[in-house]
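Take a look at the structure below.
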Amino acid sequence: MRPLPRRSFLKLLTNSLLTFSGALGLGGLARFFSFQADPPPPKEFDIGPAMNYPQGSVTVLLQIPATLRHTSKGFIAVSMKCTHLGCTVEKPGETFECPCHGSRFDEFGKVTRGPATRDLPQLEVIETEDGNLIVRAS
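According to this note's numbering, the sequence shown is numbered sequentially starting from 4.
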């Protein structure tokens with residue numbers, strides 16, 4: 004077997020590296036186009052029987068996140084997502100406070116201190132025929 008000339012060796016090496024690079028690029032494209040996005044988060048939450056929430060109670064629903072208040076007029080759900088930049092607000096007492104930029108809201112989600120300019124959104128609460136409560140997130 005005769006030795007491979009230098010020019011032929013370099014040509015073979017270059018072609019091999021280009022083929023390998025092309026295969027890696029095609030593999031990356033195949034992975035990019037086969038990407039499966041996460042399913043969208045649920046918009047409706049069944050939070051159980053209405054009798055679990057007595058009148059006058061305020062319940063934090065972490066899975067939404069929201070608070071559910073049972074008043075004499077019915078149920079009120081207030082989102083706990085700050086309208087300034089979307090941080091989850093905290094509820095240290097009766098009010099809501101945004102830990103990111105300091106916005107404050109009253110117990111019904113009305114802005115009491117900025118930088119947020121919009122109130123916390125109210126969520127729809129539906130009582131089903133069997134007595135369960137459904138909260139619809141926007």
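Ideal Cβ positions, reconstructed from N, Cα and C, are used throughout, including at glycine.
What residues in its chain sit with their C-beta under 8 Å from that of residue i, if we drop five residues either side in the sequence?
i, result
"CYS142", "Outside the shown range of the chain, which is 4 to 141, sits residue 142, and nothing can be said about it."
"GLY134", "PRO52, ALA53, MET54"
Where does the unbroken beta strand (DSSP E) through residue i begin, and where does it stop?
i, result
"SER82", "77-82"
"PHE48", "47-52"
"THR62", "61-64"
"VAL116", "According to the sequence displayed, residue 116 carries Arg and not Val. Looking at the DSSP string, the run of the beta strand (DSSP E) that includes ARG116 is 114-116."
"GLU127", "125-130"
"ILE137", "135-139"
Label residue i either buried or exposed according to how many other C-beta atoms from any shown protein chain fall within 10 Å of its C-beta, with 16 as the threshold for buried.
i, result
"MET83", "buried"
"ARG72", "buried"
"ALA26", "exposed"
"LEU21", "exposed"
"GLY77", "exposed"
"ALA33", "exposed"
Leaving out the 5 sequence neighbours to the left and right, which residues in its chain are closer than 7 Å to residue i when beta-carbon positions are compared?
i, result
"GLU110", "GLU97, THR98"
"THR131", "ILE137"
Just confirm the distance between the C-beta atoms of residue i and residue j, as a whole number of angstroms; I'd bet it's less than 8 Å.
i, j, result
"ILE67", "VAL138", "6 Å"
"VAL63", "THR70", "5 Å"
Which residue comes first and which comes last in the alpha helix (DSSP H) that contains residue i?
i, result
"ALA26", "9-36"
Which residues in the same chain as residue i place their Cβ atom closer than 6 Å to its Cβ, once the five residues preceding and following it in sequence are excluded?
i, result
"ILE79", "ARG72"
"ASP49", "ASN135, ILE137"
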